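Since the structure comes first, as structure tokens, the remarks are kept for the end.
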Amino acid sequence: MYFKSTLSLVLALAATTAVSLSSLQGRAEARIARRVSGANKLRSEGGEEVNSTDWAGAVINASPGTFTSIAASFTLPTPYVPEGADPSGNYSAVIVVGIDGNTCPTATLQAGVVVSLEDGQPSYTALAQFSSPLNSATFPDISLSAGDLIAVGVTAVNATSGMAVIINQSTGESGYVSLTSPDTPLCMMDGEWIVRFGDEPLPNFGTVVFTYPVAETPSGPVDASHANITDIVQGDTFLAYASISPSSVSVTFA
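Taken in order, the sequence shown gives residues -22 to -1, 1 to 232; the numbers are from mature numbering (1 follows the signal peptide of the UniProt record, and there is no 0).
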């Protein structure tokens, strides 16, 4: 039952993944201009803009028990060695949708793709995780390449069990997993669409666009238009920044 609801959510999302890259670029440029001019960080169409040292994207917050499923689609980027970095080094970024992990102190349920760059060679791994890297699963039957369109969804069956669905819309391959975490229950109060550090420094991933981000609640679906935005900032250096609209969340390597 819960797999069917999650898969239906992702398939419905997968059928509506048209997005204007030019309009996204315009919004990104506008955000850079606002940052330079010291504009107010409270967005009229969204929530507050904050900084993190290790992830960027959009998060919606609500009372416990609100979010039952989170989904979005994104195109796999081609990673590059950041300017001035070691060309033979290892780099990774994790593109995920998830429930909790922001204001909920106990757990997080996430699914998405690890984008890696090792000795100049890109690779991709689909994964799901419940609270700990030790409580995770991969999707070996899903092949992944740069430019593939990926649809991802997670569902909280209850506070201690969840499911994840990943579909490669470019190849037709798909998979799902069930995960449990009896000792670290979900709050079901955060919904997120983010790019975060992997086990290595971030590669230059260009711009990742989560198209038609949706969160299911007991009263119906909500979009990301009122989400809080988080940028990656380490010291005085911006590493990645985010922007939102009702139909997309964009994360751009700085």
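Just so you know, even glycine gets a beta-carbon here, dropped at the ideal spot from N, CA and C.
Model, not experiment: these values are computed from the prediction.
ask   = Between the C-alpha atoms of A232 and A218, what's the straight-line distance to the nearest angstrom?
value = Here residue 232 refers to the residue found at position 254 of the sequence shown. Here residue 218 refers to the residue found at position 240 of the sequence shown. Each residue's CA atom was taken as its position, placing A232 and A218 some 5 Å apart.
Cβ-Cβ distance between S121 and E96 below 8 Å = Walking along the sequence shown from the start, residue 121 turns up at place 143. Walking along the sequence shown from the start, residue 96 turns up at place 118. In this structure, S121 lies away from E96, with their beta-carbon atoms at least 8 Å apart.
ask   = Would DSSP call A50 helix, strand or coil?
value = Numbered from its first residue, the sequence shown carries residue 50 at position 72. Strand at A50.
request  = Find the nearest neighbour of N146 within the set N39, S51, I38, judged by alpha-carbon distance.
outcome  = As a position in the sequence shown, residue 146 is number 168, starting the count at 1. It is S51 whose Cα lies nearest to the Cα of N146.
request  = For my contact list, V227 and A193 are in at a C-beta cut-off of 8 Å; report their separation, rounded to the angstrom.
outcome  = Position 249 of the sequence shown, counted from the first residue, corresponds to residue 227. Position 215 of the sequence shown, counted from the first residue, corresponds to residue 193. Contact doesn't hold; Cβ gap of about 12 Å is too wide.
ask   = Measuring CB to CB, does G84 end up less than 8 Å from T189?
value = Position 106 of the sequence shown, counting from 1, holds the residue named residue 84. Position 211 of the sequence shown, counting from 1, holds the residue named residue 189. The identity of residue 84 in the sequence shown is Thr, whereas the question assumes Gly. Contact flag unset, no.
message = Once the 5 residues before and after P199 are set aside, which same chain residues still bring their CB inside 8 Å of it?
response = Position 221 of the sequence shown, counting from 1, holds the residue named residue 199. Once the five neighbours on either side are set aside, the close Cβ partners of P199 are V192, A193.
inquiry  = Does the region 60 to 70 come into contact with the region 35 to 50, if we say contact requires no fewer than three beta-carbon pairs (one atom in each stretch) closer than 8 Å?
reply    = no
query = What is the DSSP secondary structure of F183, counted as helix, strand or coil?
reply = If you number the sequence shown from 1, residue 183 lands on position 205. Residue state, collapsed to three classes: coil.
query = So is S123 buried or exposed if we call it buried at 16+ other beta carbons inside 10 Å?
reply = For the purposes of this step, residue 123 is taken as the residue at position 145 of the sequence shown. Sixteen is the threshold: since fewer than 16 other Cβ atoms of the shown chains lie within 10 Å of the Cβ of S123, the residue is exposed.
task = Output the boundary residues of the beta strand (DSSP E) element that contains A104.
result = As a working note, residue 104 is residue 126 in the sequence shown. Element bounds for A104: 99 to 108.
key: beta strand (DSSP E) segment containing E61, residue limits   = On the sequence shown, residue 61 is found 83 positions in, with the first residue counted as 1. Element bounds for E61: n/a, residue is neither H nor E.
Limits of the beta strand (DSSP E) - the one that S221 falls within = Taking the first residue of the sequence shown as 1, we reach residue 221 at position 243. From DSSP, the beta strand (DSSP E) with S221 extends over 215 to 223.
ask   = Is D78 helix, strand or coil by DSSP?
value = In the sequence shown, residue 78 corresponds to position 100, counting from 1. D78: coil per DSSP, three-state reduction.
request  = Under 7 Å Cβ to Cβ from A104, same chain only, skipping five residues before and after it: list those, please.
outcome  = By 1-based counting over the sequence shown, the position of residue 104 is 126. V91, T116, F117, I120, L122, I144, listed in sequence order.
inquiry  = Measuring straight from C-alpha to C-alpha, what distance separates G140 and I222?
reply    = Here residue 140 is taken as the residue at index 162 of the sequence shown, counted from 1. Here residue 222 is taken as the residue at index 244 of the sequence shown, counted from 1. Rounded to the nearest angstrom, the two C-alpha atoms are 27 Å apart.
query = Which value, in whole angstroms, describes the spacing of the CA atoms of P111 and P224?
reply = Within the sequence shown, numbered from 1, the residue matching residue 111 stands at position 133. Within the sequence shown, numbered from 1, the residue matching residue 224 stands at position 246. Whole-angstrom Cα-Cα distance: 31 Å.
When G76, S30, L87, V93 are compared against V186, the one with the closest alpha-carbon = On the sequence shown, residue 186 is found 208 positions in, with the first residue counted as 1. Nearest C-alpha to V186: V93.
task = Measure the C-alpha to C-alpha separation of K31 and Y58 and round it to an integer number of angstroms.
result = Numbered from 1 along the sequence shown, position 53 holds the residue referred to as residue 31. Numbered from 1 along the sequence shown, position 80 holds the residue referred to as residue 58. Checking the displayed sequence, the identity of residue 31 turns out to be Thr instead of Lys. Between T31 and Y58, the C-alpha separation is close to 20 Å.
inquiry  = Which same chain residues end up closer than 7 Å to N80 when comparing Cβ atoms and leaving out the 5 residues on each side of it in sequence?
reply    = On the sequence shown, position 102 is the one that residue 80 refers to. Residues V37, N39, D168, E170 of the same chain have their beta carbon placed closer than 7 Å to that of N80, with the five preceding and five following residues left out of the count.
ask   = So, is T149 buried or exposed, given that buried needs 16 or more other C-beta atoms within 10 angstroms?
value = By one-based count along the sequence shown, residue 149 stands at place 171. Taking a 10 Å sphere around the C-beta of T149, we find fewer than 16 other C-beta atoms and assign the residue as exposed.
ask   = Which same chain residues, not among the five before or five after A220, have their C-beta less than 7 Å away from its C-beta?
value = Residue numbering aside, residue 220 sits at position 242 when the sequence shown is read from its first letter. The residues are A34, G35, A36, I207, T208, D209, V227, S228, V229.
request  = Using only alpha-carbon positions, find the residue among P100, Q212, H204, T215 that is nearest to E26.
outcome  = In the sequence shown, counting from the first residue as 1, residue 26 sits at position 48. It is H204.
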